[in-house]
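Single-structure report; data block below.
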Amino acid sequence: MDINQLLRKNIAALSPYSCARDEFEGEASVYLDANENPYNAPYNRYPDPLQKALKEKIAALKGLRAEQIFLGNGSDESIDLAFRAFCEPRIDNVLAIAPTYGMYKVCADINDVAYREHLLDADFQFKAEDLLARCDEHTKLIFLCSPNNPTGNSLCSSEIVKVIENFQGLVMLDEAYIDFSSQDSFCSLLDKYPNLVIFQTFSKAWASAGLRLGMAFASPEIIAVYNKVKYPYNVNLQTQQLMLAHLQEPQRIQAWVTELIEQRSFLQQALAALPIVQHIYPSDANFLLVKVDDADALYQYLVAQGIIVRNRNRVRLCEGCLRITVGTADENAALMAAMQQFINL
Ligand SMILES: *Cc1c(COP(=O)(O)O)cnc(C)c1O
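Heads up: the sequence shown begins at 1064 in my numbering, then just goes up one per residue.
Right under this line is the structure:
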């Protein structure tokens, strides 16, 4: 695969902004190169534009090389940059499964790139052949999300492989919920598949949504494109420092994940016993998609009790469904109590 064939012409020709810290690497005693203010350390200094220390840690954790990693202001940045780098507005198109995460379409709309949807089947799966049949020579990206949001299931991995092996553009595989999944990440296949881009995030298992840090894993060539197009200082100093500290204790994250998976089965069982619950879809994520008798009424009742879930009633294939995030034992008990009150009304 020739990455230059996929790139937008203006991006292929782009000379990126060169910042002071790109030109000088290493430690010095006097920094007079970036028009920074000498007071208010450490926030007076621009952060590392390529987040090298953080990438070394993440590389070790994920079994990758630092040159295969892009870090952005949430996964949202990684998604948006793919459009900006690879999709010619009004000419190219992208393809995604549906239903799925809403940001892919928002980024397509912002970038004026046509967004094609392939509706999943009743089990929220797809056939690679049918998906690929919707591509044409202008299809640059295919978005897959596994485990998928809002359905909660993992996509069949052999179908994902078929898409990667038979698509001429880039496959964007969103693994935001992979830490909660019984399935393996596709990270180990990155060297085999130069057209694979994997998104992960610190917002879910790593419990750091407020810090805004997302990861994209891909070939060094694709990562170089991302680095060229991104804002120079896209991850701020405090986020880099706090996440470095957080990465020193991955066992804390494992404990949270184990607890949340336990709470997920507790919720599954408790919800299944309620007469208003018609179906609980299998989940490989930290949420459950639950079909209930009257989703809007239940949603409104829960809001009035101060309990907010996501109403997915108006999403295709999710009619009648609420998406419920797994919380602490206390939060889940509060939800169950409120649902019981709703039934007793
Ligand atoms: C929550 C979520 C993300 C995370 O996005 P951030 O910008 O990293 O917070 C990414 N993809 C999916 C499918 C999600 O549900």
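Built from N, CA and C at the ideal position, the CB exists for glycine as well. These numbers come from a predicted model, not from an experiment.
query, result
"Check whether the Cβ of SER1346 sits closer than 8 Å to any heavy atom of ligand 1, and report yes or no.", "no"
"Identify every residue that forms a DSSP beta bridge with GLY1232.", "Per DSSP, none; premise fails for GLY1232."
"Given 8 Å as the limit, tell me if ASP1237 has its C-beta closer than that to any heavy atom belonging to ligand 1.", "yes"
"Please list the terminal residues of the continuous alpha helix (DSSP H) segment that includes ALA1076.", "It is not in any alpha helix (DSSP H) - ALA1076 carries neither H nor E in the DSSP assignment."
"From ALA1348 to THR1214, what does the alpha carbon distance come to, in whole angstroms?", "9 Å"
"Please name the residue in ASN1156, ASP1186, THR1302 and PRO1283 whose C-alpha comes closest to that of PRO1112.", "THR1302"
"Thinking C-beta only, is ILE1241 closer than 9 Å to SER1248?", "yes"
"Between THR1163 and ligand 1, is the CB less than 8 Å from at least one heavy atom?", "yes"
"With DSSP as the reference, please indicate the residues paired to ILE1173 in a beta bridge.", "Paired residue(s): none; ILE1173 is not in a bridge."
"State yes or no: is the C-beta of ASP1199 within less than 9 Å of the C-beta of SER1138?", "no"
"Within its chain, find whatever has a CB closer than 6 Å to the CB of LYS1125; leave out the 5 residues flanking it on each side and keep chain order.", "CYS1250"
"Could you tell me the distance, in whole angstroms, from the CA atom of ARG1128 to the CA atom of THR1202?", "29 Å"
"Thinking C-alpha only, which one of SER1217, LEU1194 and GLU1228 is nearest ASP1186?", "SER1217"
"If you drop the 5 nearest sequence neighbours on each side, which residues of the same chain put their C-beta closer than 6 Å to that of PRO1257?", "MET1064 and SER1282"
"Using the Cβ count rule (16 or more neighbours within 10 Å means buried), how would you classify LYS1115?", "exposed"
"Look at the alpha carbon of LEU1207 and the alpha carbon of ALA1091, and state the distance between them as a whole number of angstroms.", "45 Å"
"Among ASN1174, GLY1273, TYR1344 and ILE1227, whose alpha-carbon lies nearest the alpha-carbon of LYS1255?", "ILE1227"
"I need the straight-line Cα distance from ALA1191 to CYS1219, nearest angstrom please.", "10 Å"
"Using three-state DSSP, classify ILE1132 as helix, strand or coil.", "strand"
"If you measure between the beta carbons of ALA1333 and ILE1370, is that distance less than 9 Å?", "no"
"Measuring only the C-alpha atoms, how far is ARG1386 from GLN1403?", "18 Å"
"Under 7 Å Cβ to Cβ from LEU1195, same chain only, skipping five residues before and after it: list those, please.", "VAL1226, ASN1229 and PHE1230"
"Quick one: give me the first and last residue of the alpha helix (DSSP H) that HIS1309 is part of.", "1300-1310"
"Expressed to the nearest angstrom, what Euclidean distance is found between the alpha-carbon atoms of TYR1106 and LEU1300?", "7 Å"
"Could you tell me whether the region 1160-1173 touches the region 1314-1323, using the rule of 3 or more Cβ pairs below 8 Å?", "no"
"So which of ALA1177, PHE1262, ASP1172 and ASP1184 has the shortest CA-CA distance to SER1209?", "PHE1262"
"Note down, in chain order, each residue of its chain lying with its Cβ closer than 8 Å to the Cβ of GLN1341, except the 5 sequence neighbours on either side.", "LYS1354, VAL1355, ASP1356 and GLY1383"
"Any idea what DSSP makes of TYR1102, helix, strand or coil?", "coil"
"State the CB to CB distance for the pair ASN1376 and ALA1360, rounded to an integer number of angstroms; the pair is presumed to be in contact (CB under 8 Å).", "Their Cβ separation, rounded to whole angstroms, is 10 Å, which puts ASN1376 and ALA1360 out of contact at 8 Å."
"Terminal residues of the continuous beta strand (DSSP E) containing VAL1260?", "1259-1264"
"Going by beta-carbon coordinates alone, are PHE1265 and LEU1253 separated by less than 9 Å?", "no"
"Which residues does DSSP list as the beta-bridge partners of GLU1025?", "Past the boundaries of the shown model lies residue 1025; the chain is included only from 1064 to 1408, so the question cannot be answered."
"Would you say the beta carbon of ASN1297 comes nearer than 8 Å to a heavy atom of ligand 1?", "no"
"Roughly how many angstroms separate the alpha carbons of PHE1189 and LEU1380, rounded to a whole number?", "13 Å"
"GLN1068 lies in the beta strand (DSSP E); which residues open and close that run?", "Counting along the chain, GLN1068 falls outside any beta strand (DSSP E), though it belongs to the alpha helix (DSSP H) covering 1066-1069."
"Identify which residue in ASN1098, ILE1132 and PRO1345 has its Cα closest to the Cα of ARG1084.", "ASN1098"
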